[in-house]
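Undergrad: Sequence lines, in order, name chains U and R. Heads up, the first sequence is in our numbering, so the first residue is 852 and it goes up one at a time. Heads up, the second sequence is in our numbering, so the first residue is 74 and it goes up one at a time. Provided herewith is a single structure, encoded as structure tokens, for subsequent inquiry.
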Amino acid sequence: MPWLRLLGNLWLVLAIGAGHAVAADYKQIAGGHFASVLPADEKAADMQVAPYELRVTPVSNAEFLAFVTKSTEWQRDRIARVFADAQYLSHWITSDGIDRAQRDQPVTHVSWFAAQAFCESEGARLPTWLEWEFAAAADTARKDARADPAWREQILSWYSRPSNSALAAVGGPANVYGIRDLHGLVWEWVDDFNALLVSTDSRDQNDPDRLKFCGAGAMSLRDLNNYAVLMRIAMLSSLKAADTTANVGFRCTKIGAGEKS
Amino acid sequence: MKPAMRLFSSLAAMSFAFTLAGCGGGISGAQAMTSAEGSQHGDFGPPQGEPIHAVLTSPPHVPPPTHRKAPAKVIVDLEVIEKEMPISEGVTYTFWTFGGTVPGSFIRIRQGDTVEFHLKNNPNNKMPHNIDLHGVTGPGGGAASSFTAPGHESQFTFKALNQGIYVYHCATAPVGMHVANGMYGLILIEPPEGLPAVDHEYYVMQGDFYTTGKYREKGAQPFDMEKAIDEKPTYVLFNGAEGALTGDKALSAKTNETVRLFVGNGGPNLVSSFHVIGEIFDRVQQEGGTHPQENVQTTLIPAGGAAIVQFHTEVPGSYVLVDHSIFRAFNKGALAILKVDGAENKAIYSGKEVDSVYLGDRAGPNLAAVSHATSAAASGKLTKEDQVKAGAQLFSGTCSVCHQANGAGLAGVFPPLAKSDLIAADPKRPIQILLRGLNGKVTVNGKDYNSVMPPMSQLNDDEVANIVTYVLNSWDNPGGQVTAEEVAKVRAAPAPAPAAGH
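Right, dumping it as structure tokens:
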């Protein structure tokens, strides 16, 4: 119906206004030693995480709309196929208009390329897996809650629900760093998503020729019991950079003062 | 394969095309060539004719025979769907499925076929998935080539070299969890000559399930990794749900028919001792074996394995399919029914011919109190104490096996008689229950029970009166006394409507 579309476009204008008015919120994370599920030496060594700033919430549809309105080459009918598959932003009403209800939902149906481009527009980049995992190990009170069965339960209860209902708005409860929605809303792209799993058949983890799959990024999982994290790695490694799905979104990491870009 | 042999096999493949047209009798080249000779001899050359889309069926149904005489190109479209479904009455579970069912869609092809496999991961799914078909010869059984993100599709092609019944399953990390959530099914690779015709073919697959709640605990139950690692399932099921193959959904056949079951076991952990109560398998073909075992009572189906079992029906009735690791059948759900209709065959099975009293140790001295009560009743001097004493001895013989000597019952299976709110609500109801049995759901002291107590029709009026009086005066029950006359009256009255049943 034309008048509905008009409303949608009206909303588009508002969205651009909002996008300009409020700069995205980032929080400082000090980093430190961290027992990643992907150990540094492929056995047990801790990773060293440098200080970084992480975006408080995943990028919303409204925020992404503001981005493609400015950088029109990232609109769904203009983007080159090598950068995003045919489902890219397919949940939007038009290439530059979203439904009011989608405003605060995390943007999904975005490719890794598009996510990276958005982050650059905020003077940022996608977090590495390690940066993402470091922040996501926390709960509301602890920096590392991973040994707590309740922490795993909460993650798994989200995994076990198919995503056929509408996504919630961004802005869930903050963890100890003030970061929100790391669990329970969407999967999130990370910078090095394609270097996580040793092979596409997860069972041959000790195969000597695994290096052929991802070279220096080849790693093995330290904590096989932490299957909540393992499943996220499996999910990310099933993707190619141009892929988009109904439940993969992203957030960004600010390039810190000490970091060269 | 040596060049000379390859030449031979392609010649053989050509000859199939001719026999197809001629429909001649005799042993085909394929039969001569393939029996028990393995994958080397399963390559009948390139696919012939137009590609065929495989018919996929939901359990317990099996696609029709291929009736093909030459290798074909077969396209299989299988979609992965994550969905919440009942696992038991009032209990739901989020299953991950191949084709929307547990087990997944049944795939039927012919040895030598070239299969173009399309694995689709529904856009609403949260997880990546893949498929490892045990019928595939190649690394990972297709797993590495089919790793698929939600909203995407993978394609790979294989040639079915070995005939037999094979399991397929998801092999995405964590593999055990994907399998435990129901991601398995069967693929039948027919021998070139096909399987002999039978009256019924059914698809049954066992799996073990791990929920955080107890067996039959109501509501949506999440997966429990700890229980899965400990190999302590909450449910052991045929076709993914308690009741999937019972009641209206029971398998059916008539007498004097041949039934073929394709029986798989998805695991992830347990090995099945598959048995059909009241039948003997005439033939059991393990996996792709060409030397079937005959006259088998119970056959092992390993996790990740399958068998084709076949038997002939003689006598009508309900035949119960179980995992004969028998607690799984009666306490974890591994139970299905094959209902056979037709005329009785008394020459083979008579049904019950004699039902007479056998006193056993009741005749002995430990039932002195019973004899005393009987004579006291006869002389009209029966007291409540006599009845309680006699009732106690009868109870220990007849009732305590299930309800326990202390009246506590067995949690979740046999309701307690001790301090029972059901008895307190109607102290005369136990008479009714003893005489007519109790079938179906009943709530005692806040807990639901759903089992069957048969009528205790072997007990006479005196005995029922004594047992009920004993129960009423034991374990904090309200007390009171029941006379043989009261029992006689209940026995004479027509059965109340809801309890009628069978």
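Where is the CB? At the ideal position from N, CA and C, for every residue including glycine.
In angstroms with no decimal places, state the Cα-to-Cα distance between Met1116 of chain U and Ile880 of chain U.
TA: Absent from the structure is residue 1116 of chain U, since the part of chain U shown begins at 852 and ends at 1112.
Undergrad: Can you tell me whether Ser161 of chain R is buried or exposed, with buried defined as 16 or more other CB within 10 angstroms of its CB?
TA: Translated into the one-based positions of the second sequence, residue 161 of chain R becomes position 88. Buried, since its Cβ has 16 or more Cβ neighbours within 10 Å.
Undergrad: Spatial neighbours of Asn882 of chain U within its chain, please: C-beta separation below 6 Å, excluding the five flanking residues on both sides.
TA: For the purposes of this step, residue 882 of chain U is identified with residue 31 of the first sequence, where counting begins at 1. A small correction: the amino acid at residue 882 of chain U is Gly; Asn does not occupy that position in the sequence shown. Taken in chain order, the residues that qualify are Val900, Ala901, Pro902.
Undergrad: Taking Cβ positions, are Pro196 of chain R and Asn312 of chain R nearer each other than 8 Å?
TA: Locating residue 196 of chain R in the second sequence gives position 123, where the first residue counts as 1. Locating residue 312 of chain R in the second sequence gives position 239, where the first residue counts as 1. Not a contact, by the Cβ cut-off of 8 Å.
Undergrad: Starting from the C-beta of Phe89 of chain R, find all residues in its chain whose C-beta is less than 6 Å away, skip the five residues before and the five after it, and write them out in chain order.
TA: Along the second sequence, read from residue 1 onward, the residue named residue 89 of chain R stands at position 16. The predicted model places Phe89 of chain R with a pLDDT of 34, which falls under 50 and marks its position as unreliable, so this point remains unresolved.
Undergrad: Just confirm the distance between the C-beta atoms of Gly339 of chain R and Tyr257 of chain R, as a whole number of angstroms; I'd bet it's less than 8 Å.
TA: Position 266 of the second sequence, counted from the start, is the residue given in the question as residue 339 of chain R. Position 184 of the second sequence, counted from the start, is the residue given in the question as residue 257 of chain R. Their Cβ separation, rounded to whole angstroms, is 3 Å, which keeps Gly339 of chain R and Tyr257 of chain R in contact under 8 Å.
Undergrad: Counting contacts by CB-CB distance shorter than 8 Å, is Met200 of chain R in contact with chain U?
TA: Locating residue 200 of chain R in the second sequence gives position 127, where the first residue counts as 1. Chain U, which has a Cβ nearer than 8 Å to the Cβ of Met200 of chain R, makes this yes.
Undergrad: Give the interface partners of His225 of chain R over in chain U, defined as CB-CB distance under 7 Å, in chain order.
TA: As a working mapping, residue 225 of chain R is identified with position 152 in the second sequence. Under the 7 Å cutoff, chain U gives Asp1094.
Undergrad: Note down, one range per segment and in chain order, each beta strand (DSSP E) of at least 3 residues found wholly within the region 872-938 of chain U.
TA: If we require 3 residues or more, the beta strand (DSSP E) runs fully inside the region 872-938 of chain U come out as 877-880, 883-885, 898-900, 903-906.
Undergrad: Is the shortest distance between the beta-carbon of Thr167 of chain R and the beta-carbons of chain U less than 8 Å?
TA: For the purposes of this step, residue 167 of chain R is taken as the residue at position 94 of the second sequence. Yes, contact with chain U.
Undergrad: Does any CB atom of chain U fall closer than 8 Å to the CB of Asn197 of chain R?
TA: Taking the second sequence and counting its residues from 1, the one referred to as residue 197 of chain R is at position 124. For Asn197 of chain R, the answer is yes, since a Cβ of chain U falls inside 8 Å of its Cβ.
Undergrad: Of the residues R:Ala451, R:Ser452, R:Gly453, R:Val388, which one's Cα is nearest the Cα of Gly424 of chain R?
TA: As a first step, residue 424 of chain R is located in the second sequence; it is residue number 351 there, counting from the start. The shortest Cα separation from Gly424 of chain R among R:Ala451, R:Ser452, R:Gly453, R:Val388 belongs to R:Val388.
Undergrad: Are the CB atoms of Asp116 of chain R and Gly208 of chain R within a distance shorter than 8 Å?
TA: Position 135 of the second sequence, counting from 1, holds the residue named residue 208 of chain R. Position 43 of the second sequence, counting from 1, holds the residue named residue 116 of chain R. No.
Undergrad: Which residues mark the beginning and the end of the alpha helix (DSSP H) in which Ala465 of chain R is found?
TA: Counted from its first residue, the second sequence places residue 465 of chain R at position 392. Per DSSP, Ala465 of chain R belongs to the alpha helix (DSSP H) from 457-471.
Undergrad: Measure the C-alpha to C-alpha separation of Met1086 of chain U and Glu904 of chain U and round it to an integer number of angstroms.
TA: Indexing the first sequence from 1 puts residue 1086 of chain U at position 235. Indexing the first sequence from 1 puts residue 904 of chain U at position 53. So the two alpha carbons sit approximately 25 Å from each other.
Undergrad: For a contact meaning CB atoms closer than 7 Å, what does Ala222 of chain R contact in chain U?
TA: For this step, residue 222 of chain R is matched to residue 149 along the second sequence. Under the 7 Å cutoff, chain U gives Ser1089, Leu1090, Asp1094, Thr1096.
Undergrad: For a test of the three-state rule: what should DSSP assign to Arg1003 of chain U, helix, strand or coil?
TA: In the first sequence, counting from the first residue as 1, residue 1003 of chain U sits at position 152. Helix, per DSSP.
Undergrad: Does the structure place the region 257-267 of chain R close enough to the region 289-297 of chain R that three or more beta carbon pairs sit under 8 Å?
TA: Touching, no.
Undergrad: I'd like to confirm something about Val309 of chain R: is its beta-carbon nearer than 7 Å to some heavy atom of the ligand NAD, or not?
TA: No copy of the ligand NAD appears in this structure; indeed no ligand is present at all.
Undergrad: Can you pull the chain R residues whose beta carbon is under 8 Å from the beta carbon of Gln1113 of chain U, in chain order?
TA: Chain U is shown only over 852 to 1112; residue 1113 of chain U falls outside these bounds and no answer can be derived.
Undergrad: Do Gln926 of chain U and Asp947 of chain U count as a contact pair if the criterion is CB distance below 8 Å?
TA: As a working mapping, residue 947 of chain U is identified with position 96 in the first sequence. As a working mapping, residue 926 of chain U is identified with position 75 in the first sequence. Contact: yes.
Undergrad: If I follow the unbroken alpha helix (DSSP H) through Pro503 of chain R, where does it start and stop?
TA: Working through the second sequence from its first residue, we reach residue 503 of chain R at position 430. First-last of the alpha helix (DSSP H) with Pro503 of chain R: 502-509.
Undergrad: Quick check: the region 1014-1023 of chain U against the region 977-992 of chain U, are at least 3 beta-carbon pairs closer than 8 Å?
TA: Contact between the region 977-992 of chain U and the region 1014-1023 of chain U is absent, because fewer than three Cβ pairs lie under 8 Å.
Undergrad: Evaluate the contact criterion for the region 482-500 of chain R versus the region 541-549 of chain R: three or more CB pairs, one atom per stretch, below 8 Å.
TA: Judged by Cβ distances under 8 Å, the region 482-500 of chain R makes contact with the region 541-549 of chain R, as three or more pairs qualify.
Undergrad: Note down, in chain order, every chain R residue with its Cβ under 7 Å from the Cβ of Leu1081 of chain U.
TA: Locating residue 1081 of chain U in the first sequence gives position 230, where the first residue counts as 1. The answer, in chain order, is Ala246, Pro247.
Undergrad: I'd like to confirm the pairing. Which residues does DSSP put opposite Thr371 of chain R in its beta bridges?
TA: As a working note, residue 371 of chain R is residue 298 in the second sequence. Answer is R:His348, bridged to Thr371 of chain R.
Undergrad: Please tell me whether Phe934 of chain U and Ser962 of chain U are closer than 8 Å, where the distance is taken between their beta carbons.
TA: Along the first sequence, one-based indexing puts residue 934 of chain U at 83. Along the first sequence, one-based indexing puts residue 962 of chain U at 111. Yes, the Cβ-Cβ distance between Phe934 of chain U and Ser962 of chain U is below 8 Å.
Undergrad: What residues of chain R sit near Ser1011 of chain U, judged by a beta carbon separation below 8 Å?
TA: By one-based count along the first sequence, residue 1011 of chain U stands at place 160. The contacting residues are Thr167, Pro295, Phe296.
Undergrad: So is Leu982 of chain U buried or exposed if we call it buried at 16+ other beta carbons inside 10 Å?
TA: Numbered from 1 along the first sequence, position 131 holds the residue referred to as residue 982 of chain U. Contrary to the premise, residue 982 of chain U reads as Glu rather than Leu in this sequence. So Glu982 of chain U ends up on the buried side.
Undergrad: What does DSSP give as the partner residue(s) for Pro159 of chain R in the beta ladder?
TA: Within the second sequence, residue 159 of chain R is the residue found at index 86, counting from 1. Per DSSP, R:Thr165.
Undergrad: So, using beta-carbon positions, are Leu129 of chain R and His191 of chain R closer together than 8 Å?
TA: Translated into positions along the second sequence, residue 129 of chain R becomes position 56. Translated into positions along the second sequence, residue 191 of chain R becomes position 118. No; because the gap between Cβ atoms is not below 8 Å, this pair is not in contact.
Undergrad: Could you please give me the residues that DSSP links to Asp150 of chain R through a beta bridge?
TA: Taking the second sequence and counting its residues from 1, the one referred to as residue 150 of chain R is at position 77. Beta-bridge pairing links Asp150 of chain R to R:His191.
Undergrad: Are the beta-carbon atoms of Pro957 of chain U and Val1037 of chain U separated by less than 8 Å?
TA: Here residue 957 of chain U is taken as the residue at index 106 of the first sequence, counted from 1. Here residue 1037 of chain U is taken as the residue at index 186 of the first sequence, counted from 1. The answer is yes: Cβ separation under 8 Å.
Undergrad: Taking only beta-carbon atoms, is Ser838 of chain U less than 8 Å away from chain R?
TA: No answer is possible for residue 838 of chain U: it lies beyond the span of chain U, which begins at 852 and ends at 1112.
Undergrad: Pick out the complete alpha helix (DSSP H) segments inside the region 273-351 of chain R, 4 residues or longer, and give them in chain order.
TA: Listed in chain order, they are 298-303.
Undergrad: Going along chain C, which residues have a C-beta under 7 Å from Tyr1078 of chain U?
TA: Structure shown: chain C not included; protein chains present are U and R.
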